[in-house]
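K.L.:
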Amino acid sequence: MNTSKRWLPRTFKVALLTLLLLWTLIPICWMVLSSFKANDIITASTPRVLFSPTLEHYASLFSSGNSLWPYLLNSLFIAGTSTLIAVVLGCMAGFGLSRIRIKGKQHLAFWIISTRMAPIAAVIVPLYLLFRYLYLLDTHAGLIVAYLSFNLPFAIWLMTAFFDDLPPDLEEAAMIDGATKLQAFRYVVLPLMTPGLVTTTILCFIFAWNDYAFAQTFSGPNTQTIPIAAAQLLTQTGIDWGKLLAIGTIVVCPMAIAGLLVKRWLVQGLTLGAVK
Amino acid sequence: MATLQLNNIVKNFGSTQVIKGVDLEVKDREFVVFVGPSGCGKSTLMRMIAGLESTTSGDIFIDGERINDVGPADRRLAMVFQSYALYPHMTVEDNMGFNLRLAKVPKAERREKVLAAARILQLEELLDRKPRALSGGQRQRVAIGRAIVRNPSIFLFDEPLSNLDAALRVQMRIELARLHEELDATMIYVTHDQIEAMTMADKIVVLQGGVVEQIGSPMALYHHPANRFVAGFIGSPKMNFLDVEIRGADAEGVDVVLPGGDCRVPVKGDGVSTGDKLTLGVRPEHLKIDDQGPLTGKILVIERLGGTTSLYLENGDSQWILVADGDVTSRVHDQIRFSFDPACAHLFKRNGEALLHRHCHPLVASESK
Ligand SMILES: Nc1ncnc2c1ncn2[C@@H]1O[C@H](COP(=O)(O)OP(=O)(O)O)[C@@H](O)[C@H]1O
Ligand SMILES: [Mg+2]
């Protein structure tokens, strides 16, 4: 009786997950696959799975003239720096917020995360004006600050949840063992925070790496990121599908691979407190 | 070598007062147990001694030196947490040697000291394991080992045995007592279990609602409880209580009215007058079946433990527990009479305060010498 009761939902679950997986994976796989096709195959009306692969689109992306390198370096530098700052500050603030005993702590925590909930569109214009006065338009610092405005509250909130999960007994034991607060943090708390740090780092990096709206508004000739480069291929005279698919692959693959590499920690991090 | 002194310690969490003025003196090498029901402030008091909580007011002295403003790292204490608080990412050896590593002790010397402590606790085989690969009892020993390696002036234990099963708890209790002997150290131990307190302590501090109810040796608390709370808390099964009326009282004793005849309890009756209502307290092991006894009851339940038998009695709305020999022949529903030695009885005033016994119990008297 029990098995027959669970049999249907289980089939249903598998079917649902399969659909979801196909929905997610097919476009990505198709994009990666097609980025190795010659232009005439990409645009052919019958889709082809078998073809002789070519690297011509990648080669042309990095060839002199209109190289992708500056965009790639901008993306790496801006996303990397803003992620680093967000995670370092988020880690420290999260630790403080988790351990401090003050009235209205939840309200403070909620206020911090609520700043992350504003839609990007709502802050773009004010930020634009602010950046113009501060001469931050078309600077790396400007974009880093823009991403921080979203990633920092998110990192603080996420790290607070991770620290809440770590019993304070451990750092107290360390302090009784003769550690200063900083040593207890360095030797006991931080090593146990790996899942939290990895999860926060990846989620922050993805946000900055994928962003188009901020980059479109605040960047200039010197600071354009990869999503901007992709958009520039959509011109009025036509769409260079081959290059576009190659850029798409370059944007997506590093994130997917990083995600797979740290899957263990990421899952542990995202299910936060669900399993003890 | 370490003494500890608490002077009028108070602790508030926000607007609630959790510790309400505690005074205590701990002698060198003494084993002191804080005991009391859950939530009475035992852990808070211990955490203040450890420096993990600040004091709202009052002073803490270790070896005569005021340490209120000294951080936990510099109080030279070791603490065993209820959760053990082993560092999950370190091996047993690194866990035990962590304080030496912080003190920058060279590796060889570190290993030597860890090994010495591991030998005391039979942990040599486990030194390379991580805490998650240990059983509850082994984790417990590692936590104690870590405290030993620290070579502290005072050991603090916060309910260290409460996560172990009953058999292991008894074994660790004995081991801790042995350890106290062997290390010759001052130890403070928190528990809600009065049996742990009775079996291990040199001195018991009974706490309730942030107030010290009584401080004394196990035998002093057993034979001369200062009030009704201590009387009920110490001893197992619990002391029987009966509301009684007073026939007469003087400095030599108090005459109590009982259903089957009066009885003179040898306590100092100053301030008590005829007609007063007091509470009589008699421990189950001091009640005995007695056909001429002044008390009666019907047996509700019999628990035979082999060596002793517990009889649960009822008479009207009063309940009694009587601990008798293992081979009593009474049966459930029997109506029995019972009595007690008045010298073993206690009388409590309405406010719970005990009337002083005229004679000090010989065991207690010999302790104070
Ligand atoms: N950090 C804290 N903030 C507020 N109240 C606390 C805190 N720690 C303990 N308390 C309260 O203080 C009282 C005593 O707690 P505790 O010392 O842990 O009791 P015990 O160890 O005797 O069970 C409890 O009522 C508890 O709720
Ligand atoms: Mg406690």
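In order, the protein sequence lines correspond to chains A and B. When you read off a place in the first sequence, starting at 1, and then add 6, the result is the number in our numbering. When you read off a place in the second sequence, starting at 1, and then add 843, the result is the number in our numbering. The C-beta atom is built at its ideal place from N, Cα and C for all residues, glycine as well.
Answer with yes or no whether the minimum CB distance from I106/A to chain B is below 8 Å.
P.N.:
No, no contact with chain B.
K.L.:
How is H1200/B classed by DSSP in three states: helix, strand or coil?
P.N.:
It is a strand residue.
K.L.:
Report the rounded CA-to-CA distance for Q860/B versus K854/B, giving the unit in angstroms.
P.N.:
Q860/B and K854/B: Cα-Cα distance of roughly 6 Å.
K.L.:
Would A1010/B count as contacting chain A if we go by Cβ distances under 8 Å?
P.N.:
So, not an interface residue.
K.L.:
With a threshold of 7 Å, establish whether the CB of C259/A neighbours any heavy atom of ligand 1.
P.N.:
For ligand 1, not one heavy atom lies less than 7 Å from the Cβ of C259/A.
K.L.:
Nearest-angstrom Cα distance between H1221/B and H113/A?
P.N.:
Nothing about residue 1221/B can be read from this structure; chain B reaches only from 844 to 1212.
K.L.:
For T153/A, collect the residues of the same chain with a Cβ closer than 6 Å to its Cβ; drop the 5 residues on either side in sequence, then sort them by chain order.
P.N.:
For the record, residue 153/A in the displayed sequence is Tyr; it is not Thr. Correct list, in chain order: S88, A214.
K.L.:
CB-CB under 7 Å to K885/B, same chain, minus the five flanking residues each way: which ones, in chain order?
P.N.:
Once the five neighbours on either side are set aside, the close Cβ partners of K885/B are F877, G879, V1033, L1050.
K.L.:
Who's in the neighbourhood of ligand 1, going by beta-carbon under 5 Å from any heavy atom, listed in chain order?
P.N.:
Result: F856/B, V861/B, S881/B, G882/B, C883/B, G884/B, K885/B, S886/B, T887/B.
K.L.:
In whole angstroms, give me the CA-to-CA distance for L135/A and L149/A.
P.N.:
Roughly 14 Å separates the two Cα atoms.
K.L.:
For my contact list, P1061/B and A1044/B are in at a C-beta cut-off of 8 Å; report their separation, rounded to the angstrom.
P.N.:
With 8 Å as the limit, P1061/B and A1044/B qualify as a contact, their Cβ atoms being about 6 Å apart.
K.L.:
For a test of the three-state rule: what should DSSP assign to F1031/B, helix, strand or coil?
P.N.:
Note on residue identity: the sequence assigns Ile, not Phe, to residue 1031/B. Looking at I1031/B - three-state DSSP - the assignment turns out to be strand.
K.L.:
Just to make sure I have the definition right: I need the residues of chain A whose C-beta is within less than 7 Å of the C-beta of N942/B. Which are they?
P.N.:
The answer, in chain order, is D183, G184.
K.L.:
Exposed or buried, what is W117/A when buried is set at 16 or more other beta-carbons lying within 10 Å of its beta-carbon?
P.N.:
W117/A comes out exposed.
K.L.:
Under a Cβ-count criterion, where at least 16 other Cβ atoms within 10 Å of its own Cβ denotes burial, should I983/B be classed as buried or exposed?
P.N.:
With the sequence shown as reference, residue 983/B is identified as Gln, and Ile is not the correct amino acid for it. Buried: at least 16 other Cβ atoms inside 10 Å.
K.L.:
Would you mind telling me which residues of chain B sit closer than 9 Å to P201/A, beta carbon to beta carbon, in chain order?
P.N.:
Going along chain B, no residue has its Cβ under 9 Å from P201/A, so there is no contact; the nearest lies around 12 Å.
K.L.:
With distances taken between CB atoms, is the gap from M939/B to V957/B smaller than 8 Å?
P.N.:
Yes; because the gap between Cβ atoms is below 8 Å, this pair is in contact.
K.L.:
Counting contacts by CB-CB distance shorter than 8 Å, is S926/B in contact with chain A?
P.N.:
Chain A, which has a Cβ nearer than 8 Å to the Cβ of S926/B, makes this yes.
K.L.:
Taking the C-alpha atoms as reference points, what is the distance between I84/A and I256/A?
P.N.:
Taking the straight line from one Cα to the other gives about 16 Å.
K.L.:
Y930/B versus chain A: which residues are under 7 Å apart at the beta carbon?
P.N.:
Going along chain A in sequence order, the residues near Y930/B (Cβ under 7 Å) are L176, V194.
K.L.:
Could you please give the first and the last residue of the uninterrupted alpha helix (DSSP H) stretch that includes F856/B?
P.N.:
Premise fails: F856/B lies in the beta strand (DSSP E), 847-856, not in any alpha helix (DSSP H).
K.L.:
For G279/A, I'd like the list of residues in its chain whose CB is within less than 7 Å of its CB, leaving aside the five on either flank, ordered along the chain.
P.N.:
Its pLDDT being 46, under 50, G279/A is placed unreliably in this model, and the value from its coordinates should be taken loosely. Closer than 7 Å at the Cβ level, and outside the excluded window around G279/A, lie D171.
K.L.:
Give every residue of the same chain whose Cβ lies closer than 7 Å to the Cβ of V1171/B, excluding the five residues on either side of it in the sequence, and list them in chain order.
P.N.:
Closer than 7 Å at Cβ, skipping near neighbours: I1132, T1152.
K.L.:
Could you have a look at E896/B and say whether DSSP puts it in helix, strand or coil?
P.N.:
Coil at E896/B, not helix or strand.
K.L.:
Would you tell me roughly how many angstroms separate the C-alpha atoms of S978/B and C1187/B, rounded to the nearest one?
P.N.:
S978/B and C1187/B: Cα-Cα distance of roughly 45 Å.
K.L.:
Opposite D902/B in the DSSP bridges: which residues?
P.N.:
N850/B.
K.L.:
Quick check on DSSP: helix, strand or coil for Q242/A?
P.N.:
Here Q242/A sits in coil by DSSP.
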